[in-house]
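Engineer: The letter at position 181 of the sequence shown is residue 180 when you use numbering that gives the first Met the number 0, and the numbering goes up by one with no holes. Below is one structure. I have some questions about it.
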Amino acid sequence: MAELANAETCVATGSGLAAITAVLAAHAGPGRHILVSAGVYGPTRVFCDKELVPSGTDVEYFAHDVDVSALLRDTTSLVFVETPASLTMEMWDVPAICAAAHDRGVPVACDATWGTPVFFDAHALGVDISVHAATKFINGHSDLLLGLVTGTLDALAGVRAYCDRSGTHAAPDTCWLTLRGLRTLAVRMERHQRSVRA
0 MAELANAETC
10 VATGSGLAAI
20 TAVLAAHAGP
30 GRHILVSAGV
40 YGPTRVFCDK
50 ELVPSGTDVE
60 YFAHDVDVSA
70 LLRDTTSLVF
80 VETPASLTME
90 MWDVPAICAA
100 AHDRGVPVAC
110 DATWGTPVFF
120 DAHALGVDIS
130 VHAATKFING
140 HSDLLLGLVT
150 GTLDALAGVR
160 AYCDRSGTHA
170 APDTCWLTLR
180 GLRTLAVRME
190 RHQRSVRA
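The structure is reproduced here in structure tokens:
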């Protein structure tokens, strides 16, 4: 998966939500500020509101047409975006978000489940941490739950450590089954695209 995503490494978790929460939790903490795109996967927002905020993290949601540079603070520890948005299919300007965040030394994480690395090369656009609910397109056989997080070793160090502490790593058999899905991912995504357009 790291090779497919043009990344240095990959962390596998027990589900897509486990991957998302690991990324968010690794960058959360009292006094920290996290920017999250509006329209993210429902449970992502629930985790932010019910777990991160009560533990002292300031979570702020932003719309697709907002200039992120105006929202960044000295305490911002992460910008988390999902594009297209799970429910509205709104698109975010990922290169612009990454440029603004990186100017302030803030990493960007992106839930790239919908595009997969076949149609959405997140790291090439500047994303530091790319998250995938591999349960969906990447596996493609509707018979498992899996989350995948790609990036550099440095970018994923905190995520990997969080997974070690919380026990959210994926089972080996699940990873083995997902290798089967990766073999046909490009073909399936092309067919999905043709069907949607038709």
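By construction, the Cβ of each residue, glycine as well, lies at the ideal position given by its N, Cα and C atoms. Nothing here was measured: the structure is a model prediction, and the numbers come from that model.
With which residues is V107 paired in a DSSP beta bridge?
Structural biologist: Here residue 107 refers to the residue found at position 108 of the sequence shown. For V107, which the question treats as bridged, DSSP gives the partners V78.
Engineer: Rounded to whole angstroms, what's the CA-CA distance from T229 to V130? Just pull it up for me.
Structural biologist: Here the chain comprises residues numbered 0 to 197, so residue 229 is not present and cannot be evaluated.
Engineer: Please go through the same chain and pick out, in chain order, the residues whose beta-carbon is closer than 6 Å to the beta-carbon of S14, but skip the five residues on each side of it.
Structural biologist: Within the sequence shown, residue 14 is the residue found at index 15, counting from 1. Excluding positions up to five away in sequence, the list reads L144, G146.
Engineer: Between L34 and L70, is the Cβ-Cβ spacing less than 8 Å?
Structural biologist: Numbered from 1 along the sequence shown, position 35 holds the residue referred to as residue 34. Numbered from 1 along the sequence shown, position 71 holds the residue referred to as residue 70. Yes; because the gap between Cβ atoms is below 8 Å, this pair is in contact.
Engineer: Could you check if E2 is buried or exposed, using at least 16 other CB atoms within 10 Å of its CB as the buried criterion?
Structural biologist: To locate residue 2, count along the sequence shown from 1; it is residue 3. Answer is exposed; the Cβ neighbour count stays below 16.
Engineer: Going by other Cβ atoms of all chains shown within 10 Å of its Cβ, with 16 needed for buried, is G221 buried or exposed?
Structural biologist: This structure gives no information on residue 221, because the portion of the chain shown stretches from 0 to 197.
Engineer: I think R84 touches G38, with their Cβ atoms under 8 Å apart; what is that distance to the nearest whole Å?
Structural biologist: To locate residue 84, count along the sequence shown from 1; it is residue 85. To locate residue 38, count along the sequence shown from 1; it is residue 39. One detail in the question is off: residue 84 reads as Ala in this sequence, not Arg. A84 to G38, Cβ: 3 Å. Contact.
Engineer: If we define contact as Cβ-Cβ less than 8 Å, is V35 a contact residue for chain C?
Structural biologist: No chain C is present in this structure, which holds just one protein chain.
Engineer: Which value, in whole angstroms, describes the spacing of the CA atoms of L181 and H140?
Structural biologist: Locating residue 181 in the sequence shown gives position 182, counting from the first residue. Locating residue 140 in the sequence shown gives position 141, counting from the first residue. Rounded to the nearest angstrom, the two C-alpha atoms are 11 Å apart.
Engineer: So, helix, strand or coil for S165, using DSSP?
Structural biologist: Numbered from its first residue, the sequence shown carries residue 165 at position 166. It is helical.
Engineer: So, using beta-carbon positions, are L65 and A100 closer together than 8 Å?
Structural biologist: By 1-based counting over the sequence shown, the position of residue 65 is 66. By 1-based counting over the sequence shown, the position of residue 100 is 101. For the record, residue 65 in the displayed sequence is Val; it is not Leu. In this structure, A100 does not lie closer than 8 Å to V65 by Cβ.
Engineer: Is the beta carbon of V45 closer than 8 Å to that of V158?
Structural biologist: Here residue 158 is taken as the residue at index 159 of the sequence shown, counted from 1. Here residue 45 is taken as the residue at index 46 of the sequence shown, counted from 1. For V158 and V45, no; Cβs fall outside 8 Å.
Engineer: Could you work out which residue in V148, F119, A123, G125 is closest to A132 when comparing CA atoms only?
Structural biologist: Here residue 132 refers to the residue found at position 133 of the sequence shown. Checked all of V148, F119, A123, G125; the closest Cα to A132 is V148.
Engineer: Could you pull the start and end residues of the beta strand (DSSP E) that A170 belongs to?
Structural biologist: Start at 1 with the first residue of the sequence shown, and residue 170 comes out as number 171. A170 -> no beta strand (DSSP E), and no H or E assigned at all.
Engineer: Give the range of the alpha helix (DSSP H) segment to which G15 is assigned.
Structural biologist: Translated into positions along the sequence shown, residue 15 becomes position 16. Counting along the chain, the alpha helix (DSSP H) containing G15 begins and ends at 15–25.
Engineer: Along the chain, where does the beta strand (DSSP E) containing D57 start, and where does it finish?
Structural biologist: In the sequence shown, counting from the first residue as 1, residue 57 sits at position 58. Here the beta strand (DSSP E) through D57 covers 57–61.
Engineer: Using a Cβ-Cβ cutoff of less than 7 Å, which residues in the same chain neighbour H32 once the five nearest sequence positions on both sides are dropped?
Structural biologist: As a working note, residue 32 is residue 33 in the sequence shown. Within the same chain, H32 has close Cβ partners D57, E59, R72, T74, T75, S76.
Engineer: Which first and last residues belong to the alpha helix (DSSP H) in which G41 is found?
Structural biologist: As a working mapping, residue 41 is identified with position 42 in the sequence shown. 41–46 is the span of the alpha helix (DSSP H), which, as asked, contains G41.
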